[in-house]
Amino acid sequence: QSFSEAVSDEYIDFVKHQFNLQGSPFPLNSCGEIMKGAKISINIFTVLITTWVAVVYQGSYSHEHKIGQFDVHYPKRWYVWCLSFFGLMHFCSCVLLMIFHIIAK
Numbered sequence: 001q002s003f004s005e006a007v008s009d010e011y012i013d014f015v016k017h018q019f020n021l022q023g024s025p026f027p028l029n030s031c032g033e034i035m036k037g038a039k040i041s042i043n044i045f046t047v048l049i050t051t052w053v054a055v056v057y058q059g060s061y062s063h064e065h066k067i068g069q070f071d072v073h074y075p076k077r078w079y080v081w082c083l084s085f086f087g088l089m090h091f092c093s094c095v096l097l098m099i100f101h102i103i104a105k
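In this note's numbering, the protein residues as written are 1 to 105.
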């Protein structure tokens, strides 16, 4: 089999897979839109987390402090909860992007 035939066969299988996804129920027939939304939310959460840490973070690393002593670096406990929530949302967006990328291929 020549190279062009192999590429053509692979392309045709890809197009058939995409066509079959179009007839699937909701989340599967919208892979592109969901991936686009996940990428946008990843960007938003990245900027939000980075900005929040840059504005709120106080202090620097020291050997006397232990892991989990957030009050040394963040003046209020809810700052840590918000950053944890945004981090979880960032992670969920990454997982969503990965899952739908696998489905779309």
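The C-beta atom is built at its ideal place from N, Cα and C for all residues, glycine as well. All of these numbers come straight from a predicted model, not from anything done at the bench.
(message) Can you tell me whether Tyr57 is helix, strand or coil according to DSSP?
(response) The residue labelled residue 57 in the question sits at position 57 within the sequence shown. The answer is coil: DSSP assigns Tyr57 none of H, G, I, E or B.
(request) Using alpha carbons as the reference points, say which of Trp81, Tyr74, Trp78 and Leu97 lies closest to Lys36. (result) Taking the first residue of the sequence shown as position 1, residue 36 is located at position 36. Looking at the Cα atoms, Leu97 is the closest of the given residues.
(request) Could you round the C-beta distance between Gly59 and Val72 to whole angstroms and report it? I think they count as a contact, below 8 angstroms. (result) The count along the sequence shown starts at 1 and reaches residue 59 at position 59. The count along the sequence shown starts at 1 and reaches residue 72 at position 72. Yes, they are in contact, since the Cβ atoms of Gly59 and Val72 sit about 6 angstroms apart, within 8 angstroms.
(request) Return helix, strand or coil for Tyr74, following the three-state DSSP convention. (result) Taking the sequence shown and counting its residues from 1, the one referred to as residue 74 is at position 74. It is coil, neither helix nor strand.
(message) Rounding to the nearest angstrom, what Cα-Cα distance links Thr50 and Ile99 in this structure?
(response) Here residue 50 corresponds to residue number 50 of the sequence shown, with the count starting at 1. Here residue 99 corresponds to residue number 99 of the sequence shown, with the count starting at 1. Straight-line Cα distance between these residues: approximately 25 angstroms.
(request) Counting only the same chain and skipping the five closest in sequence on each side, list residues whose C-beta sits under 7 angstroms from that of Asn43. (result) As a first step, residue 43 must be located in the sequence shown, where it is residue number 43. Take Asn43, set aside five residues on each side of it, and no residue of its chain has a beta-carbon closer than 7 angstroms to its own.
(message) On the criterion of 16 or more Cβ atoms from any shown chain inside 10 Å, does Ile102 qualify as buried, or is it exposed?
(response) The residue given as residue 102 occupies position 102 in the sequence shown. That one is exposed.
(message) With H, G and I counted as helix, E and B as strand and the rest as coil, what does DSSP make of Ser2?
(response) The count along the sequence shown starts at 1 and reaches residue 2 at position 2. DSSP places Ser2 outside both helix and strand once states are collapsed to three, so it counts as coil.
(request) Measure the CB-CB distance between His90 and Phe45 and report whether it falls below 9 angstroms. (result) For the purposes of this step, residue 90 is taken as the residue at position 90 of the sequence shown. For the purposes of this step, residue 45 is taken as the residue at position 45 of the sequence shown. Yes, the Cβ-Cβ distance between His90 and Phe45 is below 9 angstroms.
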